[in-house]
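Colleague:
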Amino acid sequence: MSEKTDSQLALIGCRADDTNTRISYDCCEYDIAVLGENDMGLGNKIMQVGNYTLETLDFPKYNHSEISLLNMVKLKNKSSNLLVSQDKHSTPKTDIKRKFIASGKHRAVDSLFNVSKISATKSEFNSALNLKIAAYDLIEGILLTSEIRPMPIHEMYQLRQLEVRKDFINEAIQLCIECLGIERATRTIINRSYKALKEILKERYDIGLLQSKIEFLVQHGLIADCYYYIGKLVCNHLEKKDYAYQLNYHKLNSLALDLTSDYENINKRSKLIKIYCKNLLKN
């Protein structure tokens with residue numbers, strides 16, 4: 005692939021982190037960023053190269069503020085070995101910290117925005133959905149302000165490994181886990197959610213890859229992680245949709261996200277989410 009382009013290629017994602025953390029699973033792809041103008045004409049695409057699953061990701065307006073590129077390993081052009089690193093992008097630690105914190109606070113604002121919808125009359129039927137979206141946003145905010153780049157399939161692991169120095173962060177994580185309903189994770193519920201997810205995300209170019217990851221988690225007994233991952237994928241999709249779209253697919257969304265209708269609990273937790281978002285923004 006690198007022989008066919010003058011674009012700069014870089015390995016990113018969990019595979020780029022493996023030299024330090026060994027966080028990737030066997031089901032994880034190799035994310036290849038195409039930096040700057042893409043002369044390959046590929047766009048975002050999944051491909052198989054030997055035993056490796058690759059996903060090319062366009063970054064046409066590449067700049068040093070992209071969180072997902074901070075750990076990138078540039079790849080040698082004109083070489084058949086895609087996985088030989090050329091050099092690592094180096095950014096001053098103070099700049100990296102500032103970028104992570106800014107991104108984390110942005111996600112806290114997103115969480116506040118979504119949780120504020122719960123009090124809106126027209127969103128009564130979507131209260132449980134908005135609470136879950138807000139909880140995922142807050143978790144991302146917590147990881148980012150801790151200088152950890154969130155990776156959907158690995159986020160439960162990242163939370164378990166997180167060194168928490170402030171009590172309110174621990175409390176916020178526990179609240180988010182409760183909002184997501186992780187304690188309800190069973191193979192039966194995951195099977196039902198998985199079927200709904202395949203329908204909701206059927207148009208995605210990477211649906212086959214997402215399915216293989218879900219099946220990997222189930223096969224390896226990572227049930228809580230799988231429940232979290234399915235919810236994250238669906239919430240990421242629905243967060244970009246308007247209220248009418250969400251309402252039209254309410255039943256399917258409810259199955260995919262294992263939504264409950266305990267509005268008293270939802271309202272109570274939404275108020276707590278607001279408090280923790282504001283604490284994260286202040287600290």
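If you read the sequence shown in the working numbering, its first letter stands for residue 5, the second for the next number, and so on.
Heads up, the beta-carbon is just placed ideally off N, CA and C, and yes, glycines get one too.
With DSSP as the reference, identify every bridge partner of V53, one or two as the case may be.
Modeller: Locating residue 53 in the sequence shown gives position 49, where the first residue counts as 1. DSSP, once it has assigned bridges, lists Y56 as partnering V53.
Colleague: Would you report the Cα separation of N283 and N240, rounded to the nearest angstrom?
Modeller: As a working mapping, residue 283 is identified with position 279 in the sequence shown. As a working mapping, residue 240 is identified with position 236 in the sequence shown. Cα to Cα, the separation comes out at about 24 Å.
Colleague: Ignoring anything shorter than 4 residues or poking outside the segment 201-260, list the alpha helix (DSSP H) runs there in chain order.
Modeller: With a minimum length of 4 residues, the continuous alpha helix (DSSP H) runs that stay inside the segment 201-260 are 211-223, 227-243, 247-252.
Colleague: So what does DSSP say about Y29, is it helix, strand or coil?
Modeller: Residue 29 sits at position 25 when you count from the first residue of the sequence shown. In the structure shown, Y29 sits in coil (DSSP, three-state: anything other than H, G, I, E or B).
Colleague: Please state whether DSSP places D266 in a helix, a strand or coil.
Modeller: Your numbering for residue 266 matches position 262 in the sequence shown. D266 falls in the coil class under three-state DSSP.
Colleague: Around the Cβ of T149, are there at least 16 other Cβ atoms within 10 angstroms (buried) or fewer (exposed)?
Modeller: Reading the sequence shown from its first residue, position 145 is the one you call residue 149. T149 is buried by the Cβ-count criterion.
Colleague: Determine the direct distance from the alpha carbon of N271 to that of F129, and round the result to whole angstroms.
Modeller: If you number the sequence shown from 1, residue 129 lands on position 125. If you number the sequence shown from 1, residue 271 lands on position 267. If I take the Cα positions, the gap works out to 13 Å.
Colleague: Assign K275 to one of three DSSP states: helix, strand, or coil.
Modeller: To locate residue 275, count along the sequence shown from 1; it is residue 271. Helix, per DSSP.
Colleague: Looking at C-alpha atoms only, which residue of L147, N118, Q223 is the closest neighbour of I137?
Modeller: Indexing the sequence shown from 1 puts residue 137 at position 133. Of the listed residues, the one whose Cα sits closest to I137 is N118.
Colleague: At least one CB of chain B closer than 8 Å to the CB of C180: is that the case?
Modeller: The question asks about chain B, but that chain is absent: this structure has only one protein chain.
Colleague: With DSSP as the reference, identify every bridge partner of I36, one or two as the case may be.
Modeller: Locating residue 36 in the sequence shown gives position 32, counting from the first residue. BP columns for I36 point to L15, T60.
Colleague: Determine the direct distance from the alpha carbon of G54 to that of R111, and round the result to whole angstroms.
Modeller: Indexing the sequence shown from 1 puts residue 111 at position 107. Indexing the sequence shown from 1 puts residue 54 at position 50. So the alpha carbons of these two residues sit roughly 38 Å apart.
Colleague: Roughly how many angstroms separate the alpha carbons of D21 and E268, rounded to a whole number?
Modeller: As a position in the sequence shown, residue 21 is number 17, starting the count at 1. As a position in the sequence shown, residue 268 is number 264, starting the count at 1. So the two alpha carbons sit approximately 42 Å from each other.
Colleague: Can you check which of these residues, A132, K109, E144, is closest to N287 by C-alpha distance?
Modeller: Stepping through the sequence shown from its first residue, residue 287 is reached at position 283. Of the listed residues, the one whose Cα sits closest to N287 is K109.
Colleague: Quick check: L237 and L205, are their CB atoms within less than 8 Å of each other?
Modeller: Position 233 of the sequence shown, counted from the first residue, corresponds to residue 237. Position 201 of the sequence shown, counted from the first residue, corresponds to residue 205. Result yes, Cβ atoms of L237 and L205 sit closer than 8 Å.
Colleague: Buried or exposed for Q178, please, with buried defined as at least 16 other CB atoms from any protein chain shown within 10 angstroms of its CB.
Modeller: Taking the sequence shown and counting its residues from 1, the one referred to as residue 178 is at position 174. So Q178 counts as exposed.
Colleague: According to the neighbour-count rule (16 or more other Cβ atoms, all chains shown, within 10 Å of its Cβ), is R153 buried or exposed?
Modeller: One-based indexing of the sequence shown puts residue 153 at position 149. R153 should be labelled buried.
Colleague: Check the DSSP bridge columns for V119 and list the partner residues they point to.
Modeller: Against the sequence shown, residue 119 aligns to sequence position 115. Its beta-bridge partners do not exist; DSSP assigns none.
Colleague: Please identify the residue among D62, N75, K65, G47 whose C-alpha is closest to the C-alpha of R19.
Modeller: Here residue 19 is taken as the residue at index 15 of the sequence shown, counted from 1. Nearest option by C-alpha distance: N75.
Colleague: How many angstroms separate the CA atom of L226 from the CA atom of T190?
Modeller: Start at 1 with the first residue of the sequence shown, and residue 226 comes out as number 222. Start at 1 with the first residue of the sequence shown, and residue 190 comes out as number 186. Cα-Cα distance, rounded: 10 Å.
Colleague: Just how far apart, CA to CA, sit A14 and D229?
Modeller: Counted from its first residue, the sequence shown places residue 14 at position 10. Counted from its first residue, the sequence shown places residue 229 at position 225. Each residue's Cα considered, the two are about 28 Å apart.
Colleague: Between I50, M51, F104, which has its C-alpha nearest L73's C-alpha?
Modeller: As a first step, residue 73 must be located in the sequence shown, where it is residue number 69. The option with the nearest alpha carbon to L73 is F104.
Colleague: According to DSSP, is L79 helix, strand or coil?
Modeller: Position 75 of the sequence shown holds residue 79. In this structure, L79 counts as strand in the three-state DSSP scheme.
Colleague: Can you say whether G185 is buried or exposed, counting buried as having 16 or more other CB atoms within 10 angstroms of its CB?
Modeller: On the sequence shown, residue 185 is found 181 positions in, with the first residue counted as 1. Classification of G185: buried, given that the 10 Å Cβ count is 16 or more.
Colleague: Quick check: what's the CA-CA separation for E33 versus I211?
Modeller: Indexing the sequence shown from 1 puts residue 33 at position 29. Indexing the sequence shown from 1 puts residue 211 at position 207. Each residue's alpha carbon lies about 13 Å from the other.
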